[in-house]
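Working notes, beginning with the structure itself.
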Amino acid sequence: MPRRVPVVLVAGHLGAGKSTLVNHLLRRADGVRIGVVVNDFGAIGIDAMLVAGQASAVTSLANGCLCCTTDANGLAGLLAELTAPSARLDLVVVEASGLADPRELVRLLLDAIAGEARHAAYGGLVTVVDAVHGEPDDAVRLADLVVLNQVDLVDDPAPLLAVLQAVAPGPVLPVVRGALDPALLVDPPARRRPPRSGQLSFDALLREDPGTEHAHAHWDSVAVERDAPLDPARFAAFLEAGPPGVFRAKGVVRFPGAAPFVVQTVGTAIRVRPAPRSVTVTGARLVFLGVGLDAAGLESAVDGCAADPAAGEPSLLPVLRYEESERVDAV
Numbered sequence: 016m017p018r019r020v021p022v023v024l025v026a027g028h029l030g031a032g033k034s035t036l037v038n039h040l041l042r043r044a045d046g047v048r049i050g051v052v053v054n055d056f057g058a059i060g061i062d063a064m065l066v067a068g069q070a071s072a073v074t075s076l077a078n079g080c081l082c083c084t085t086d087a088n089g090l091a092g093l094l095a096e097l098t099a100p101s102a103r104l105d106l107v108v109v110e111a112s113g114l115a116d117p118r119e120l121v122r123l124l125l126d127a128i129a130g131e132a133r134h135a136a137y138g139g140l141v142t143v144v145d146a147v148h149g150e151p152d153d154a155v156r157l158a159d160l161v162v163l164n165q166v167d168l169v170d171d172p173a174p175l176l177a178v179l180q181a182v183a184p185g186p187v188l189p190v191v192r193g194a195l196d197p198a199l200l201v202d203p204p205a206r207r208r209p210p211r212s213g214q215l216s217f218d219a220l221l222r223e224d225p226g227t228e229h230a231h232a233h234w235d236s237v238a239v240e241r242d243a244p245l246d247p248a249r250f251a252a253f254l255e256a257g258p259p260g261v262f263r264a265k266g267v268v269r270f271p272g273a274a275p276f277v278v279q280t281v282g283t284a285i286r287v288r289p290a291p292r293s294v295t296v297t298g299a300r301l302v303f304l305g306v307g308l309d310a311a312g313l314e315s316a317v318d319g320c321a322a323d324p325a326a327g328e329p330s331l332l333p334v335l336r337y338e339e340s341e342r343v344d345a346v
């Protein structure tokens, strides 16, 4: 099956720093081909002009990236074009207008993925909040990942950080000047890695040391490997709860009586797909990315997801609800 391209929606009030964040992703792409869709509702595409200084309908950017503008009615068709295999993109970022209703945009995005944009996969809602003037709103309460921007402009961001953490379903990441690491959204493309077969190694999952040039606090990675299969319901509940401090999780998991699955999360957005036939695991190989991670706590939580051999084969439905559709036409 052709791989599906994650589509991440970036929302937030006017002036929160959405365009700054998108520009940072483009500058730090490191070989990741990114498609940017700027969703403006006004007669003049102000946000589009702020992204890489471009305002035309479809503009080629550096590193093979693209910048596009559209209104809500054109979103499905444009996503279908950008996520088609012929476009060779690895990630699509939709920057929503500061006036847009994030709930409606999520619905539009999911409708597009279920229909015309059949090569796309929902990558989550990232909400940008300004540390100086920000406060919780619907975009925060719906977010899979909250980015608290411009924390360097306030004396103490801790009170607002605590308020956001209390209402956001996913993790909250403090940053300066929109410095969101692209690795928290997507892996570098396979074309940048040497070919491999057989066992999926931790080296492939970790792939790189967390960067030291980003303005936010250095993020950590914790690898957990288990030999025994996991219980689908327990593992799904673990991911849905949003492990503390985890911004992203990825890996390969086997459940009783089933072939391995590849699991990817961005905040609380979960994607699951069958693993390639060359990948063999008996239990789980997982990597968690975040800040202030409790390695022992994560290991214990994964241990708590272990399947009970005496209970027989459990239902896969709790995991399959997050499976990417296989309705992908050959191109």
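Numbers in the working numbering are just positions in the sequence shown, counted from 1, shifted up by 15.
The C-beta atom is built at its ideal place from N, Cα and C for all residues, glycine as well.
These figures come from a predicted structure and were not determined experimentally.
Using 8 Å as the threshold, is the C-beta distance between residue i and residue j below it?
| i | j | result |
| --- | --- | --- |
| V108 | V25 | yes |
| V302 | S236 | yes |
| E110 | A102 | no |
| F262 | L304 | yes |
| V23 | L106 | yes |
| R48 | L104 | yes |
| L123 | L90 | yes |
| P184 | D153 | no |
| L40 | L176 | no |
| A316 | F253 | yes |
| G193 | G260 | no |
| D145 | G32 | yes |
| P174 | D45 | no |
Between residue i and the rest of its own chain, which residues show a CB-CB distance below 7 Å, the 5 nearest in sequence each way excluded?
| i | result |
| --- | --- |
| L125 | Y137 |
| A284 | Y137, G138, G139, D159 |
| V201 | P21, V47, D105, L106 |
| V147 | Q165, L168, V169 |
| Q279 | K265, R286 |
| V182 | P151, V155, R156 |
State the CB to CB distance for the pair residue i and residue j, rounded to an integer number of angstroms; the pair is presumed to be in contact (CB under 8 Å).
| i | j | result |
| --- | --- | --- |
| P172 | L163 | 7 Å |
| G27 | G113 | 7 Å |
| V166 | V143 | 12 Å between Cβ atoms; not a contact. |
| L120 | V155 | With a Cβ gap of about 15 Å, L120 and V155 do not count as contacting. |
| G319 | R249 | 7 Å |
| E328 | G272 | 4 Å |
Looking at the structure shown, is residue i part of a helix, part of a strand, or coil, going by DSSP?
| i | result |
| --- | --- |
| S112 | coil |
| V155 | helix |
| V261 | strand |
| G89 | helix |
| P330 | A small correction: the amino acid at residue 330 is Ser; Pro does not occupy that position in the sequence shown. S330: coil per DSSP, three-state reduction. |
| L176 | helix |
| P100 | helix |
| D318 | helix |
| R241 | strand |
| L29 | coil |
| A44 | coil |
| A135 | strand |
| E150 | coil |
| D202 | coil |
Given residue i, which residues of its chain have a CB within under 8 Å of its CB, disregarding the five upstream and five downstream residues?
| i | result |
| --- | --- |
| R269 | P244, L245, P275, F276, V296, T297, G298, A299 |
| E339 | R19, A136, R286, V287, R288 |
| D309 | P259, G260 |
Spatial neighbours of residue i within its chain, please: C-beta separation below 6 Å, excluding the five flanking residues on both sides.
| i | result |
| --- | --- |
| V334 | P247, A251, V287 |
| R43 | P197 |
Consider the C-beta atom of residue i and the heavy atoms of the ligand MN; say whether any pair is separated by less than 7 Å.
| i | result |
| --- | --- |
| E131 | Judged by which ligands are present, the structure shown has none, so any question about the ligand MN falls away. |
Could you pull out every unbroken alpha helix (DSSP H) segment of at least 4 residues lying fully inside the stretch 269 to 316, listed in chain order?
If we require 4 residues or more, the stretch 269 to 316 turns out to have no alpha helix (DSSP H) run fully inside it.
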